[in-house]
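Under the numbering used here, the first residue of the sequence shown carries the number 9, and numbering increases by one thereafter.
Heads up: the structure comes next, in structure tokens.
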Amino acid sequence: MAKINSNYRKLSAGYLFQEIARRTKEFTETNPGIKIMKLGIGNTTESITPTILKGLHFGVEKLGKAETYSGYGDEQGDKCLREALVKHYEKKGIILDISEIFISDGAKPDTANIQSIFSLENIIAVQDPSYPVYVDTNVIAGRTNKFNEKKGQYDGIVYMPCVEENNFFPEIPNKKVDIIYLCFPNNPTGATATKEQLKKFVDYAIKNKAIIIFDAAYSAFISDSDLPKSIYEIEESKKCSIEINSFSKIAGFTGIRLGWTIVPKDLIVENSEFGELNNMWNRRQTTFFNGASNIAQEGGLVALTEQGQKECKILADYYMTNAKIIKQGLESIGLKVYGGENAPYLWIKIPNRMDSWDFFNKLLNETHVVGTPGSGFGPSGQGYFRLSAFGHRKDIEEAVESIKNNLTFNFELDKIEA
Ligand SMILES: *Cc1c(COP(=O)(O)O)cnc(C)c1O
């Protein structure tokens with residue numbers, strides 16, 4: 009008799025973005041004709057830049073001639089693209105071997121799949137709030153107990169609160185954990201990490217033979233030259249870190265699908281030998297994955313050229329200007345706004361101790377703007393609200409104007425409570 013993977017039953021009921029869609033639909037049905045402005049989901053909106061588009065076209069054209077046609081490629085990715093990534097990291101002083109880089113169809117699948125090369129006995133630690141994939145995939149794999157409704161957490165996972173009081177950077181776990189997911193610049197808080205901050209985690213990981221899974225999907229949005237764009241900028245981090253990155257947010261490849269993961273040969277855990285984890289990820293990918301699209305990879309190759317990088321920078325600047333407009337607009341009406349510098353997310357401290365979902369309703373009803381309740385990313389997100397800087401400029405401006413003109417607050421209430 010077949011049986012299901014009952015770990016799926018442990019997943020907490022409502023998927024965040026489904027619930028947002030449901031409430032938005034309900035609003036539009038009861039208020040026909042009202043235009044909704046969406047600053048909720050982190051999806052890119054601006055078109056592929058000219059040179060990168062040419063790269064994609066080139067990839068398509070090559071398929072049209074027998075001499076240049078290609079079928080299955082290497083599961084690990086095209087050699088040219090991996091060499092280009094080696095050079096890309098070299099510019100930051102990071103030396104990698106081509107065999108340490110694995111091209112994929114995106115950072116989400118990689119962040120989801122990477123846990124499969126580790127024992128089910130490992131204790132997972134996540135930033136709270138965090139990108140939901142890290143938690144949910146470990147639930148599905150069976151590394152957790154049930155969802156604890158009261159705490160808003162899964163029993164068996166260590167949550168590292170990232171809140172105003174610690175500037176949205178987690179404390180080092182005070183008990184032994186084995187796999188630590190870190191994401192900087194952070195989705196959803198928009199927080200960044202300094203080298204000194206990351207070093208604390210690298211030191212912890214080396215001391216405890218733990219692993220850091222570093223999600224660097226937003227690294228290209230960093231403009232402050234002092235901030236690290238890669239965990240490998242921290243000394244000794246290759247011994248304990250896997251880094252995952254993507255062309256999605258920076259080159260607009262959200263729909264094209266292209267990312268990469270670095271599993272250093274030096275990476276070691278309690279019972280592994282030199283290079284073994286690198287081999288295991290290779291084995292995992294060659295078994296489960298048949299390589300990223302050759303067209304997408306052709307585009308990625310161009311995105312890493314000097315001209316491609318210039319165009320990516322223009323895209324990043326566009327979204328970061330959006331972030332500035334949102335931040336300044338909301339601050340002008342007295343709201344406390346975090347993030348939005350070196351990261352395309354704004355993390356709003358909700359006044360009047362209002363619950364994240366209540367604020368979602370209020371923002372929707374009063375201003376017709378849709379955002380994302382912070383509590384959807386973990387219990388420490390309660391009382392916060394995420395707005396995304398991905399959007400067309402005029403839509404962003406319209407949404408900010410509407411918030412400025414229509415959102416009502418009793419700021420005196422906070423003073424009394426304080
Ligand atoms: C968007 C996002 C990704 C997903 O990237 P894809 O390459 O499109 O799969 C990964 N991590 C975080 C934190 C993200 O916000």
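Cβ atoms here follow ideal geometry from the backbone N, Cα and C, with glycine treated the same way.
Just so you know, these numbers come straight off a predicted model, no measurement behind them.
Any non-hydrogen atom of ligand 1 closer than 7 Å to residue i Cβ
i, result
"Thr294", "no"
"Ser256", "yes"
"Gly50", "yes"
"Lys116", "yes"
"Asn195", "yes"
"Ala300", "no"
"Tyr441", "Residue coverage of the chain in this structure runs from 9 to 426, which leaves residue 441 outside it and unanswerable."
"Cys191", "yes"
"Thr53", "no"
"Ala407", "no"
"Thr262", "yes"
"Thr119", "yes"
"Ala225", "yes"
"Gly342", "no"
"Gly427", "Not covered by the structure: residue 427. The range shown for the chain is 9 to 426."
Residue i (DSSP reduced to helix, strand or coil)
i, result
"Phe398", "coil"
"Thr269", "strand"
"Ala133", "strand"
"Asn156", "strand"
"Ile103", "coil"
"Ile221", "strand"
"Phe110", "strand"
"Leu415", "coil"
"Ile125", "helix"
"Lys95", "helix"
"Ala10", "coil"
"Tyr139", "coil"
Any C-beta of chain D under 8 Å from that of residue i
i, result
"Tyr226", "Structure shown: chain D not included; a single protein chain is present."
message: With three or more beta-carbon pairs closer than 8 Å as the criterion, would you say the segment 237-247 touches the segment 353-371?
response: No, the segment 237-247 does not touch the segment 353-371.
- request: Write down every uninterrupted run of the alpha helix (DSSP H) in the segment 360-411 whose length is 4 residues or greater and which is fully enclosed by it, in chain order.
  value: Counting only runs of 4 or more, we get 364-375.
query: Of all the alpha helix (DSSP H) runs that stay within the bounds of the segment 18-89, which reach a length of 4 or more residues?
result: Counting only runs of 4 or more, we get 24-38, 58-71.
- prompt: Which residue spans inside the segment 160-217 form an unbroken alpha helix (DSSP H) run of at least 4?
  reply: Within the segment 160-217, the complete alpha helix (DSSP H) runs of at least 4 residues fall at 203-216.
query: Quick check: the segment 214-233 against the segment 324-342, are there 3 or more CB pairs under 8 Å?
result: With a cut-off of 8 Å on Cβ pairs, the segment 214-233 is in contact with the segment 324-342, counting three or more such pairs.
task: Let me know the alpha helix (DSSP H) ranges lying completely inside the segment 224-300, each 4 residues or longer, listed in chain order.
output: Runs of alpha helix (DSSP H) with 4 or more residues, each lying fully within the segment 224-300, are found at 256-259, 284-296, listed in chain order.
query: Would you call the segment 59-77 and the segment 335-346 touching, i.e. three or more CB-CB distances under 8 Å?
result: Contact between the segment 59-77 and the segment 335-346 is absent: fewer than 3 CB-CB pairs across the two stretches fall below 8 Å.
query: Would you call the segment 341-359 and the segment 383-398 touching, i.e. three or more CB-CB distances under 8 Å?
result: Touching, per the Cβ criterion.
task: Identify every run of the alpha helix (DSSP H) within the segment 308-362, keeping only runs that are complete inside it and at least 4 residues long; order them along the chain.
output: Runs found: 314-340.
- request: Inspect the CB distances between the segment 102-112 and the segment 264-277 and report whether three or more fall short of 8 Å.
  value: With a cut-off of 8 Å, the segment 264-277 and the segment 102-112 count as touching, because enough Cβ pairs lie within range.
query: Is the segment 275-292 in contact with the segment 24-41, if contact means three or more CB pairs nearer than 8 Å?
result: Below 8 Å, too few C-beta pairs join the segment 275-292 and the segment 24-41 to call them touching: fewer than three.
The segment 119-137 / the segment 100-110 touching (three or more Cβ pairs under 8 Å): The segment 119-137, when compared against the segment 100-110, does not touch it at the 8 Å Cβ threshold.
The segment 287-305 touching the segment 81-97, judged by at least three CB pairs closer than 8 Å: Contact between the segment 287-305 and the segment 81-97 is present: three or more C-beta pairs spanning the two stretches fall below 8 Å.
task: Give a yes or no on contact between the segment 251-262 and the segment 207-217, applying the rule of three or more CB pairs nearer than 8 Å.
output: Per the Cβ contact rule, the segment 251-262 is not in contact with the segment 207-217 (fewer than 3 Cβ pairs under 8 Å).
query: Should the segment 193-204 be called in touch with the segment 217-228, which here means at least 3 C-beta pairs below 8 Å?
result: As far as the Cβ criterion goes, the segment 193-204 touches the segment 217-228, which means the pair count is three or higher.
- request: Indicate whether the contact test is met: 3 or more Cβ pairs, each with one atom in the segment 165-175 and one in the segment 136-147, closer than 8 Å.
  value: Of all C-beta pairs linking the segment 165-175 to the segment 136-147, three or more are shorter than 8 Å, placing the two stretches in contact.
query: If we count Cβ pairs, one from each stretch, closer than 8 Å, do we get three or more for the segment 373-387 versus the segment 406-416?
result: Enough Cβ pairs lie closer than 8 Å, so yes.
message: Measuring CB atoms only, is the segment 171-181 touching the segment 139-152, in the sense that at least three cross pairs come out at less than 8 Å?
response: Output reads no: the segment 139-152 does not touch the segment 171-181.
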